[in-house]
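If you're matching positions, the sequence shown starts at 1 in the UniProt record's numbering and goes up one per residue.
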Amino acid sequence: MRRNMKSGNVKLVGYILPANTEHVDTESENEEEVPQFLDMEEIDAGGFFFQQSVPASNEELQLVRCETTLTNFKTSELYKKMSSLQQNALKVYNVLKDYCRQYGHTYMEQKLLDRWAKIPIVSTREAVAFLHQNGVLNVENDKVALTNLYNYEKDIAECLKMIIEKEPWKIVLDVEEVLLSEARERRRVHLASGTNDEENQSALNRESTSDKNSPMKDIPEATPDAGITLDPDQVKAAEMMCCNPVTIISGKGGCGKTTVVSAIFKAAVEQQKKNRVDNDSILKEEQEPMEVLFTAPTGDIRQLPSIEPGNVLNDLFTSLKTVNWAMEMRTNHRAESKIIVENASLIADMGAVKKFHHLNYDATVELGKTFQLPSPEKSFIEILLSENESVDDLQNSIKCLLNGPAPGLNDDVSSQFIAFKRDECALINELCCKHYSNHTTKTHQNKINFQSGDKVCCTRNGYVTDKDEEDEAKGKKDEMGESKIKKKQLCNGEIFFITQDVTTEDIGLKHSKRRYLTLDNMQGKKLTVEYQVLMRECKLRHAWARTIHTFQGSEKKTIVYVLDYVKHQTWKHVYTAVTRGQSRVYVIAKRGALKKAIEGPVIRRNTHLKGHVMDMLHDLGRTNTDIFFQSSQFEFNIPKRGSCESAHEPASCSDSQACPEMISKNAYLRNMTNAGNWLGDFSSSKSKSPCKRESVGDNCTLTSKKMKVDTPLGSSQLQCLSPNDTPRQLFPEASQSHQDHCIVKPYIFSSTDLEWVSKVRVNTQAVLKRAQQIQSRKVAKKEWQAAWLLKAVTCIDLTTLSGDDTPSNVHRLCMKAIQPVRYDLLQSIDMHDKGITTAAVCVYPSRVADAVTSLKAANSNLPVASVATGFPAGQTPLKTRLEEVRMAVEDGATEIDIVINRTLALTGQWADLYYEIQLFREACGDAHMKTILAVGELDTFANVYKASLVAMMAGSDFIKTSTGKESVNATYPVGVVMVRAIREYYLKTGHKVGFKPAGGIRTAQEALVWLVLMKEELGDQWLTPHLFRLGASSLLGDIERQIYHYVTGRYPAHHELPMA
């Protein structure tokens, strides 16, 4: 942060601003203004200060790009005052930002973000929704992107669209004549300088030496152009530039990209001037000429992409190539770089197939043996470091090359060192500084030491004032009044040599010393700049050695490349470094380092740009049907056939073809889910790939190996669910008698909305592993255990479902529900006045009236729940079951626990099951309905998952595991399956459904495990009686025993606790 920061505000602001902030108050005399501005009581969603979120109306705020780390931000009081939603939003933002910065992606798959966020998936989705709503994130087709990254790619596509839509671009030139004319001029210059014909041809970049069989347009010997040949790739590129609104040219070094672009633009400008003269449209002398910026987007798509997120050149090349607006130039025209280009091609070929072959070095020098410098005619040299590894190996090899000096290193103007790591660059800069400038890079005070003769570069873009022009402007000001001084731009990566270092002093003025450095790039650009301004604006550094990323795009006659044995260096790094050399390349490496780099994985960047450009071309009618399929495939994230996703890089499918049926189906799904509700963006593709499998443990640490069977979460086809303003019947083809009983619920779906149910698959091993992980969690002890147990008490449905139930039994049950833990025990832990009761009492329908009477007599509003619908078997006639529900509601039951007809589930009659549950829902009226699945009788996890979803879709407020009467009741694996169904349903509809495990839960330990399961799978919001219940009759007694032990230090005797 910068700009006149007051000390009091700096301390505060440095901790509280979590994002890139353009302006924050620093000028106010009132120190309290910033704290007031950041008061959590007044902060809304925009107060997060994520990039665009700072209020622009406050003109006094003047912080520039201030962003603290999440770790520092957590130490501030502001973080502690935030809600859990806001804190989770910060965590999600931080994960996404770090992911994009580390891997270069511009978006993150939603499911991957769920795993990386390390918070419950429901909390992650809500945080994403919050950030999306407030403009921090953009969510599109299950891809979550930072808004600034999404907008920059979108803006590129929009700019291209604007260019294409304008008046058709046309440069009327004879491109062959232009290229020949350029060749003649360069031949004349080289002949005048005394170079021989062979050197002239290579300098002209017109004679192919790497491919003698390539077709050339020969010029007849009788003409003045005898001996000059044109490369057809160069001719084609020039013709494309003259007729296309946008042209992307790719190719290796020496193929003539820059030559062609500069020649065509130069000829176009000269032709324009000539046309103006012919049309008597000469500008008057007093008019300023129009400045036009010509851009030449050329490059090599095999090189490294930018260090920043995105892959602009590759995305533009692959998308525009479909309309013939991009091309690859293949022929090398530099005779001196022939072996360099050949080896670069070999590196690219090896990297593509991950298979290593030795490069074609024309000289190899081993450091451990007698070090003999290569002869000057060698152009691709390998320097092998000693097999006996030593920390001084690199230093010794650099010294040997400099002290030789090795060919090409006798001066630092035409040579450059390149390394992967910054510390290696620092070491080489120190050695070169001593060798070329005879001083160290830093002073004894550890300050950077710049002197005349140093090779330096700018490490960021900046604007500076040239002292010579400033002095000239001052003289003009005295004669003519005010005179504006135009600042010059110094670009990041631009290399200069310090030719003069002068310090001036104004006599009689304090602190009047000023240091000026004169910089010369040895190519005609020379300026003198004040040292402090230069360091502040451009952050000057020594530049004998640069990293691969920072030197990318530049070239030197001689390159010395340090190929280190590091994990993240790939063939793209090697390719980029090697192609920086014009005539000679040294490769300093250990044995095996090149092989490791070639075979190392290259992260394919996930970006939106190609999809945006393809969509733009389709909208403008610039593409064909095949291209439309490619665009749609990219847009709808259909997996590429035969490709697998990596742990941090989900597969992108923009380069593969998609079948029309698949495209139309995904287009239909997107239209269905984009209807006003942003949750529709979380729809997932129904398509499957042989290598694409989803993990059941999205919120746990599981192996990254892809599962062979789809899991409940991954395979469920909930993207078919389509919330609609107009309620629709789920199965319109069903009988009219069923439809007459259906009621309108917030989420009613079309006849196709249950089609996916039959396709659900469950990975049994993954479910069991996840359940085992939850069971193995360490249980809280002491006061924390007591707190968790009291939470469990508030979630218990205290139940009596015995054949000998009497009014007195029910009365005693109700009294125990009102006072579940002995009063003196609660008082000893200061919880007696917290209103702790069970969640409800649960009885048979015939005992509902007794329970209501007892609770009213005790002046309690505790809910009364009743089992119904032929509990526990559910085999009575439908009419009887419905009447049983109505009777329980009339007697005062506010919660109804229904049981499903297991026959319908086991025989796959999901439509009939849906309508039965919907009829029960209607009979319940205002009462809450819990649907008992009787999981012990459903045979498979898949049936449990399907039944859970059908029950929720039919209107259940809770889904419940068991009646307690089956041989198998509530188990943790079944719980994992059911809560995953709840989570998936919530993410697709926004409707929260509760969960109730029941049957066989007898100990406090078991209750704690169920609470852990809910917290990890669904989050804290599900740990309330409104969304979580424990069905039990004997559980409360054990919980009370544990609380007694916590209070007294011993377990109670049988008579010391009242019985429920």
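No residue lacks a Cβ here, since even glycine has one placed at the ideal position from N, Cα and C.
Handout entry: residue 343 (DSSP reduced to helix, strand or coil)
Key = helix
Problem - One or two residues paired with residue 994 in a DSSP bridge - result: 958
Practice task
Kindly indicate which three-state DSSP category residue 1041 falls into: helix, strand or coil?
Solution key: helix
Practice task
Could you check what DSSP says for residue 109 in three-state terms: helix, strand or coil?
Solution key: strand
Handout entry: Three-state class that DSSP yields for residue 866 in the structure shown
Key = Secondary structure of residue 866 (DSSP, three-state): strand.
Problem - Beta-carbon proximity check, residue 496 vs residue 519, cutoff 8 angstroms - result: The answer is yes: Cβ separation under 8 angstroms.
Practice task
State yes or no: is the C-beta of residue 998 within less than 8 angstroms of the C-beta of residue 962?
Solution key: yes
Practice task
Report yes if the C-beta distance between residue 100 and residue 137 is below 8 angstroms; otherwise report no.
Solution key: no
Problem - Reduced DSSP category for residue 469 - H, G, I as helix; E, B as strand; rest coil - result: helix
Practice task
May I ask you to list the residues that DSSP assigns as paired with residue 548?
Solution key: Per DSSP, none; premise fails for residue 548.
Handout entry: Reduced DSSP secondary structure (H/G/I, E/B, other) of residue 356
Key = coil
Problem - Contact between the segment 226-238 and the segment 535-542 (3+ Cβ pairs under 8 angstroms) - result: no
Exercise for the section: Could you tell me the distance, in whole angstroms, from the CA atom of residue 576 to the CA atom of residue 447? Expected result: 32 angstroms
Practice task
May I ask you to report which of helix, strand or coil DSSP gives residue 943?
Solution key: helix
Exercise for the section: On a CA-only basis, which of 462, 966, 468 is nearest residue 873? Give me that one, please. Expected result: 966
Handout entry: Top-ranked residue by Cα proximity to residue 800, from 771, 318, 1036, 249
Key = Nearest neighbour of residue 800 by Cα position, chosen from 771, 318, 1036, 249, turns out to be 1036.
Handout entry: Exposure of residue 877, with buried meaning 16 or more beta-carbon neighbours within 10 Å
Key = In the assembly as shown, residue 877 is an exposed residue. Its beta-carbon has fewer than 16 other beta-carbons within 10 Å.
Handout entry: Identity of the residues DSSP links to residue 458 by a beta bridge
Key = 540
Practice task
Determine the DSSP secondary structure at residue 987, reduced to helix, strand or coil.
Solution key: helix
Problem - From 376, 424, 1003, 838, residue whose alpha carbon lies closest to that of residue 405 - result: 376
Practice task
Output the distance between the C-alpha atoms of residue 116 and residue 787, rounded to the nearest integer angstrom.
Solution key: 30 angstroms
Practice task
Determine the extent of the beta strand (DSSP E) in which residue 586 is found, giving its start and end residues.
Solution key: 581-589
Exercise for the section: Taking the CB atoms as reference points, tell me whether residue 382 and residue 364 lie closer together than 8 angstroms. Expected result: yes
Exercise for the section: Starting from residue 427, trace the beta strand (DSSP E) both ways and give me its first and last residue. Expected result: Segment 422-432 is the alpha helix (DSSP H) holding residue 427; no beta strand (DSSP E) there.
Problem - Closest residue to residue 973 among 1002, 843, 773, 1054 (Cα-Cα distance) - result: 773
Problem - Nearest to residue 1061 (by Cα), restricted to the options 869, 875, 901, 395 - result: What is shown of the chain runs 1 to 1060, which leaves residue 1061 out entirely.
Practice task
For residue 250, write down the residues that DSSP places opposite it in a beta bridge.
Solution key: 299, 328
Handout entry: Pairwise C-alpha distance: residue 123 and residue 1046
Key = 33 angstroms
Exercise for the section: Return the first residue and the last residue of the beta strand (DSSP E) that residue 155 is part of. Expected result: From DSSP, residue 155 is part of no beta strand (DSSP E) but of the alpha helix (DSSP H) over 147-165.
Problem - Unbroken alpha helix (DSSP H) run spanning residue 363, endpoints - result: Premise fails: residue 363 lies in the beta strand (DSSP E), 363-366, not in any alpha helix (DSSP H).
Problem - Straight-line Cα distance separating residue 769 from residue 987 - result: 24 angstroms
Practice task
With a threshold of 16 other CB atoms inside 10 Å of the CB of residue 781, please say whether the residue is buried or exposed.
Solution key: exposed
Handout entry: C-alpha distance - residue 231 paired with residue 275, whole-angstrom precision
Key = C-alpha separation (whole angstroms): 29 angstroms.
Problem - Those runs of the beta strand (DSSP E) which lie wholly inside the segment 781-807 and span at least 3 residues - result: 796-799
Exercise for the section: Could you have a look at residue 48 and say whether DSSP puts it in helix, strand or coil? Expected result: Its pLDDT being 41, under 50, residue 48 is placed unreliably in this model, and the value from its coordinates should be taken loosely. Helix at residue 48.
Practice task
Give every residue of the same chain whose Cβ lies closer than 7 angstroms to the Cβ of residue 449, excluding the five residues on either side of it in the sequence, and list them in chain order.
Solution key: 439, 440, 441, 442, 443
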